[in-house]
Amino acid sequence: MPLVEYSDSESEPERPAPPPAKRLKRASSGPASASASTRAPASLPPLPAGFHDLYATNVRQSTHDDPALHGGRKRAIPHVDGHWPSHVYLEWHPNAAESRTLQSLLDRVEQATALHYHTSASAVPEQRIRSSLLTALSTPAPLHISLSRTLPLPTDSRSPFLDALTSNLRHSGARPFDALFEGLKWVPNFDRSRWFLVLGVRRPLGDDLNRLLLAANRAAKKFGYSELYSSGKDKDQHGEGVDMAGDWGSTTAGTQEQEVESRMGLVNRRDDRSSAFHVSLAWSLEPPPDELQDLAAVDDVVRFMQQDVAQMSVKFEVIKAKVGNTVHAIELAPKRKEEKGILG
Numbered sequence: 022m023p024l025v026e027y028s029d030s031e032s033e034p035e036r037p038a039p040p041p042a043k044r045l046k047r048a049s050s051g052p053a054s055a056s057a058s059t060r061a062p063a064s065l066p067p068l069p070a071g072f073h074d075l076y077a078t079n080v081r082q083s084t085h086d087d088p089a090l091h092g093g094r095k096r097a098i099p100h101v102d103g104h105w106p107s108h109v110y111l112e113w114h115p116n117a118a119e120s121r122t123l124q125s126l127l128d129r130v131e132q133a134t135a136l137h138y139h140t141s142a143s144a145v146p147e148q149r150i151r152s153s154l155l156t157a158l159s160t161p162a163p164l165h166i167s168l169s170r171t172l173p174l175p176t177d178s179r180s181p182f183l184d185a186l187t188s189n190l191r192h193s194g195a196r197p198f199d200a201l202f203e204g205l206k207w208v209p210n211f212d213r214s215r216w217f218l219v220l221g222v223r224r225p226l227g228d229d230l231n232r233l234l235l236a237a238n239r240a241a242k243k244f245g246y247s248e249l250y251s252s253g254k255d256k257d258q259h260g261e262g263v264d265m266a267g268d269w270g271s272t273t274a275g276t277q278e279q280e281v282e283s284r285m286g287l288v289n290r291r292d293d294r295s296s297a298f299h300v301s302l303a304w305s306l307e308p309p310p311d312e313l314q315d316l317a318a319v320d321d322v323v324r325f326m327q328q329d330v331a332q333m334s335v336k337f338e339v340i341k342a343k344v345g346n347t348v349h350a351i352e353l354a355p356k357r358k359e360e361k362g363i364l365g
């Protein structure tokens, strides 16, 4: 079968090629152009205050509690369907300088621990320190000061609890305050299956931490839950089961004037839990060596605490209440302005 010849296409005259596209004029190389090209980009606006609260909960990886998914850690309070694990706390997002200071502090603890095992003939298992300063993506992790235990709230109790907590905080007399830090030690949980490296928080001048704790404890008690640091042996227990018995030692230097001033605003001496407030920096499944349980005995750590850590001051203005996967922010009432005279 012969091939068909397309004579029409052969005889079609060639179409002229389209003219080349006009080139864009090159920007002037004058002084104005040079300054525009070297001008620094505008700084990005700050993230809204509630941004971190949107991503405060990790995705649940299992329908049951599995320590293998959490580095060997066991949940202090088992999950119960229909109940929402809740926690009241102060949240701290360290800035770049604070993150470097905390990491340097942790490095010194790790160095002291490694030196101990290198020079000691002890047969106890070597402690592996796991940092709480970074997330799984190696970004700075938020730290916190607990104001309650973990409270498994039933669904119907969530809103009433938040209402009671908010009311108590409003009447607590607590104001926004600056936190300073003192003391560093290892503390165990109830059954001594996990240890935490905790940084102590110095009593604020207005005794705001004790005021906030009382407010949170009253809300917990109203709904039938145990209070944090309440009385007897229980006063030494952390919200996640950490034994906070004992004081902070002497890793930071304080003056007698500061101690007197800090006691002026104390609500009630029997309600004083100042030695229990802390921030957790690391954790371990293995106990620390006895000589390193209180880091006040390590000269390098003590010097760094006094010279660097003692210079950090963190402002707290908001209380966080995490109920299930939702974080609620409750602002502290601002400090009352001092009355001025007729001349201002």
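Residue numbers (our numbering): 22 to 365.
Each residue gets a CB set at the ideal place from its N, CA and C atoms; glycine is no exception.
Just so it is clear, the structure is predicted and the values come from calculations on it, not from any experiment.
Pairing Leu-172 with Pro-161 gives a Cβ-Cβ distance that is not under 8 angstroms. In this structure Ala-237 touches Ser-169 by the C-beta definition: roughly 5 angstroms separates them, less than 8 angstroms. Contact check for Leu-233 against Val-222 fails: the beta carbons are separated by 8 angstroms or more. By the C-beta density criterion, Asn-289 is exposed, having fewer than 16 other C-beta atoms within 10 angstroms. In the structure shown, Asn-231 falls within a helical segment according to DSSP collapsed to helix, strand and coil. For Pro-181, the closest of Ser-152, Ala-240, Ser-247 by C-alpha to C-alpha distance is Ala-240. Around the beta-carbon of Ser-125, fewer than 16 other beta-carbon atoms lie within 10 Å, marking it exposed.
In terms of CA proximity to Arg-294, Glu-248 leads the group Glu-248, Ser-334, Leu-164, Val-319. In the pairwise beta carbon analysis, the region 196 to 203 is classified as not touching the region 304 to 313: fewer than three pairs are separated by under 8 angstroms. Here His-114 carries a coil assignment [DSSP, helix/strand/coil]. When the alpha-carbon of Val-130 is set against those of Asp-320, Arg-196, Glu-352, the nearest one is in Asp-320.
For the pair Lys-341 and Val-335, the CB atoms are not nearer than the 8 angstroms cut-off.
Pro-355 and Val-344 have their C-alpha atoms some 25 angstroms from each other. Within the DSSP secondary-structure output, Glu-312 pairs in no beta bridge. Per DSSP, Asp-199 lies in no alpha helix (DSSP H); the unbroken beta strand (DSSP E) holding it starts and ends at 198 to 200.
Per the coordinates, the alpha-carbon of Pro-146 lies some 33 angstroms from the alpha-carbon of His-108. Shown here, Arg-151 sits in a strand according to DSSP, grouped into three states. Rounded to the nearest whole angstrom, the C-alpha separation of Ala-318 and Gly-245 is 41 angstroms. By alpha-carbon distance to Leu-226, the top candidate from Asp-329, Val-339, Lys-206, Arg-196 is Arg-196. Here Glu-352 is bridged, per DSSP, to Val-339.
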